[in-house]
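Participant: This note's numbering puts the first residue of the sequence shown at 192, with every later residue one more than the last.
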Amino acid sequence: MKITFLSHACFLLEDGRNSLLIDPYLTGNPLAPAKAEELSADFIAVTHAHGDHLGDTAAIAKRCGSTVFAVAELARMLRNEGLTVSDGNLGGSQATAFGRIKYLPACHGSGIPGGLACGLLVEMGGKKIYHAGDTALISDMALLKEEEIDVALLPIGDYYTMGPRDAVRAADLIRPKLTVPMHYNTFPAVRQDPSAFQAMMEAKGLTAKVMAPGEILNL
Ligand code: NI
Ligand code: MN
């Protein structure tokens, strides 16, 4: 199982057979280590319709024939754009070619009328990955503790989402084996020092790994 950090909230998950790209914001992203044209994915999952998450979804999905996972209203919009979608909604999970995907609550705007932002619980390659999406700290995260999550991808940028202190509190609730910070330093409003976040995590006995854009984590 391989996780590539593509900067901001974008990660590529690969199990050796299937690939899942999450929140592919590359065009216009100053930290992007790759161009949208250089990436391919069997599946794409989008947490919400803000531009720094929906990003290059349509272009990549059209070129690769990817199936796109999204909450119903966003899925309908993407279907109307000619994409192949698999819709879902909060609390629901579905079996996939790579394992399973579940839509979890995120406390954030959806970027589309009537829609909801989500986080994602992905089961792939025998691992459980939680991508929090853009979210405030919510006490519901405590429910994830019993999932025994391998890797939690948590925003630390502040301003639009949790900041570092709340992300540490989130990790304390979720208790994943490893936390990777995301959604920081992409633009001035979300400037953060990820090593300070890592130090705060370690002071609480929690494990974090700061990934550089383009860096690969093997699980
Ligand atoms: Ni957002
Ligand atoms: Mn965002």
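Quick reminder that beta carbons are idealized off the backbone N, C-alpha and C, glycines included.
(1) Distance, Cα to Cα, Glu205 vs Phe289?
(2) Leaving aside the five residues before and after Ala358 along the sequence, list all residues of the same chain whose C-beta is less than 8 Å from its C-beta, in chain order.
(3) Can you grab the Cα-Cα spacing for the pair Ile235 / Pro385, in whole Å?
(4) Between the alpha carbons of Ala333 and Ala343, how many angstroms are there, rounded?
(5) Could you tell me which residues DSSP pairs with Arg291 in its beta bridges?
(6) Report buried or exposed for Gly283, applying the criterion of at least 16 other Cβ atoms within 10 angstroms of its Cβ.
(7) For Val381, name the three-state secondary structure that DSSP assigns.
(8) In this structure, does DSSP put Cys309 in helix, strand or coil?
(9) What do you reckon, is the C-beta of Asp357 under 7 Å from a heavy atom of the ligand NI?
(10) Do the CB positions of Pro404 and Ser198 come within less than 8 Å of each other?
Facilitator: According to the data block:
(1) Whole-angstrom Cα-Cα distance: 9 Å.
(2) Leu328, Leu345, Pro346, Ile347, Thr370, Pro372, Phe388
(3) So the alpha carbons of these two residues sit roughly 26 Å apart.
(4) 13 Å
(5) Ala286, Glu314
(6) Exposed, since its Cβ has fewer than 16 Cβ neighbours within 10 Å.
(7) helix
(8) strand
(9) no
(10) The Cβ atoms of Pro404 and Ser198 sit closer than 8 Å to each other.
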